[in-house]
């Protein structure tokens, strides 16, 4: 019960600041509010500050945000983090996100199995995803 109430409060707190500036999101993100960390990353992407966006998406990924995990996987797969394609890291992130039921990550994981990126090509597994 307490956990549900905390989730509801967190949701409304993040929703309430979404119309406010980056400073409000930063305060919540620094306090460990995972949704705020992800929203802040997206805000920095909108402002073309990729370095800060990656910083916050990495933090929200470490805290288990499935969309952040998927997005960071896309960045690694396409060499956007450090200039090198890292298919193994992308596969790990897609897997973590897919295990939480994030549909886009499930699709991306299927493509990894289909193309043999970050894992051995496995068409039966690819089609299951």
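Residue numbers (my numbering): 79 to 207.
For glycine and all other residues, C-beta sits at the position ideal for the given N, C-alpha and C.
The beta carbon of residue 176 lies closer than 7 Å to those of 183, 184, 187 in the same chain, with the five residues before and after it left out. Under the three-state reduction of DSSP, residue 141 is assigned to coil, being neither helix nor strand. A contact between stretches requires three or more CB pairs, one per stretch, nearer than 8 Å, and the stretch 139 to 157 meets this requirement with the stretch 110 to 119. Of all alpha-carbon atoms in 120, 125, 178, 158, the one lying nearest the alpha-carbon of residue 142 is that of 178.
Remark: fewer than three beta-carbon pairs, one from each stretch, lie closer than 8 Å, so the stretch 198 to 205 and the stretch 158 to 166 are not flagged as touching. When the beta-carbon positions are compared, residue 100 and residue 121 come within less than 8 Å of each other. Take the alpha-carbon of residue 102 and the one of residue 154: they are about 29 Å apart. In the three-state reduction of the DSSP assignment, residue 198 falls in the coil class, being assigned neither a helical nor a strand state.
When rounded, the separation of the alpha-carbon atoms in residue 205 and residue 105 is 43 Å. For residue 164, the secondary structure class from DSSP, reduced to helix, strand or coil, is coil. Cβ-Cβ distances below 6 Å link residue 192 to 204 in the same chain, with the five nearest sequence neighbours on each side left out; the list follows chain order. Residue state for residue 151 is assigned as helix, using DSSP reduced to three classes.
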